[in-house]
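In our numbering, the protein residues as written are 6 to 498.
Glycine included, C-beta positions come from ideal geometry on N, C-alpha and C.
Small disclaimer: the values here were computed from a predicted structure and weren't measured.
Below you'll find the structure, written out as structure tokens, and then a few comments.
Listed below in structure tokens is the structure:
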């Protein structure tokens, strides 16, 4: 079956629906949902139910759109206070770590490609190109797994991993593009040009991303739109403008949108809840579409021809290249325990990003590009199955897991950010009911308003004659000029 104007919406919607239903079952058994989306695409593909999709260019375009939104959303959800203690190691892992992974893996690929039993002959430059496409941890996979599985980690490792995965794609992208140009130029290459290109992309990407983030915040807070639903659309347009403008100026668009997301997410913003809800849903949709597209693009039978060499490379990356790069990068950071470095090594997830990067050699006509694509796809499957399914287990085995800090409130109430720190939930205990079980009998501090009471699944509107029970949850709003949030518990007792 081929894609046509008449059936593309029906088929696309059906695939998304099937993926969501399957992901519900997979989540229950600890299977990464993104892996299931990938398998769904393969099942419906040319060697499955017969859907024909063989356009690397279209897949690359979809990938650029999806990654722009995924990286922006990841940056928007990352708080400065969380990443401040880990900026140093996070940035080193995202830059030097990518280079080291490329070098170690590239040399290994070149070495085994000389072995006739592998039946793969790659030059040193093409070997490095293959390694570069897989050198970064996948932001979509890392964000998805850490957040949907609600994994809490000690030693600030969760923000470190999210910072690394959100900011190392630009480095891998630049290495991939540079090596594609080296192959295409038939050896006309200098390290000076490569260094200049990398520096230019980093500087322009960072500067434009920061400026675009500040402009976006100013625009959202100052403009008065007739409908609140337009603010998320405005923000989305700024994301795409930031990416494309940076790319036109030869900067790194992926880095730019991530930094813009950081700036926007850590600024005081009107209509934040509407925009966060919109982007959360859009990110999920784009992840599903992206992984489905990549699943449709691959031919499983072609992967089998490179399965032996791909498995060898995948095992080397998981057990040698990634751990060696992590331990070398984190040598100056002795406060990070050895078991923490082991866990960081294990969360070297590959996902959609390496597959998208593997389409660049295909489109550029690099010799052996089909081999590169199939090897990268096979390794992505291995990484998601082996590493993605065992992140929670590894965290527990290494004694690094901890409860996830609660965000938001049980009432689903949104108030202006200026009042956020003064919104407090109080769970009633027997001691708090010692003077009586009526709300009017409780010693509530001046300036504190009990807005709502939650009893089980029921929301009650409080008044002075409302009988209170042990376990009731009070949503309290305090006036910072009259009482501190910490006094609410004292006065309630």
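- The way I'd put it, the stretch 323-331 does touch the stretch 349-358; three or more beta-carbon pairs between them come closer than 8 Å.
- Taking C-beta separations shorter than 6 Å and ignoring five residues to either side along the sequence, the partners of residue 456 in its chain run 480 and 482, following chain order.
- For residue 38, DSSP assigns no beta-bridge partner whatsoever.
- According to the DSSP secondary-structure assignment, residue 429 is paired through a beta bridge with 481.
- Residues 214, 217, 218 and 247 of the same chain have their beta carbon placed closer than 6 Å to that of residue 265, with the five preceding and five following residues left out of the count.
- Taking 4 residues as the minimum length, the alpha helix (DSSP H) runs contained wholly in the stretch 63-100 are 85-88, in order along the chain.
- Note that the C-beta distance between residue 99 and residue 169 is below 7 Å.
- Exclusion of the five residues before and after residue 338 leaves 94 as the residues of its chain whose Cβ lies within less than 6 Å of its Cβ.
- Remark: three or more beta-carbon pairs, one from each stretch, lie closer than 8 Å, so the stretch 464-479 and the stretch 434-454 are flagged as touching.
- Taking a cut-off of 8 Å for Cβ pairs, the stretch 282-302 and the stretch 38-47 touch, as three or more such pairs fall below it.
- The count of Cβ pairs closer than 8 Å, one atom from the stretch 243-261 and one from the stretch 198-214, reaches three, so the stretches are in contact.
- Residue 244 counts as buried, since at least 16 other C-beta atoms from the protein chains shown sit within 10 angstroms of its C-beta.
- Between residue 296 and residue 444, the alpha-carbon positions lie close to 53 Å from each other.
- Spanning the alpha carbons of residue 87 and residue 75 requires a straight line of approximately 19 Å.
- Residue 286 is positioned such that its CB atom lies no closer than 7 Å to that of residue 384.
- Nearest Cα to residue 77 within the set 280, 165, 62 and 203: 280.
- Annotation for residue 346: the continuous alpha helix (DSSP H) segment containing it runs 343-351.
- Each of 205, 368 and 274 was checked against the Cα of residue 253, and the nearest Cα belongs to 205.
- Counting of Cβ neighbours within 10 angstroms places residue 346 among the buried residues, the total reaching 16 or more.
- Residue state for residue 473 is assigned as coil, using DSSP reduced to three classes.
- Contact fails between the stretch 359-378 and the stretch 109-116, because fewer than three Cβ pairs, one in each stretch, are under 8 Å apart.
- Here the stretch 269-278 makes contact with the stretch 222-234; the two share three or more CB pairs at distances below 8 Å.
- For residue 303, there is no enclosing beta strand (DSSP E), as DSSP gives it neither H nor E.
- Looking at 225, 250, 249 and 316, the one whose alpha-carbon comes closest to that of residue 272 is 225.
- For residue 396, the enclosing alpha helix (DSSP H) stretches over residues 396-402.
- Cβ-Cβ distances below 7 Å link residue 399 to 348 and 351 in the same chain, with the five nearest sequence neighbours on each side left out; the list follows chain order.
- Here residue 167 is buried. Its C-beta has 16 or more other C-beta atoms within 10 Å.
- For a cut-off of 8 Å, the C-beta gap from residue 16 to residue 56 is around 7 Å, short enough to register as a contact.
- For a cut-off of 8 Å, the C-beta gap from residue 142 to residue 362 is around 13 Å, too long to register as a contact.
- Between residue 311 and residue 380, the C-beta spacing is below 7 Å.
- In this structure, DSSP gives residue 110 a helical state, which the three-state scheme calls helix.
- Burial is judged here by how many other beta carbons sit within 10 angstroms of a residue's own beta carbon; residue 427 has at least 16 and is buried.
- One thing to note: residue 341 has its Cβ within 7 Å of the Cβ of residue 335.
- For residue 134, the enclosing alpha helix (DSSP H) covers residues 129-138.
- In the DSSP annotation of this structure, the continuous segment of the alpha helix (DSSP H) that includes residue 327 starts and ends at 327-334.
- Look at residue 157 here: in three-state DSSP terms it is strand.
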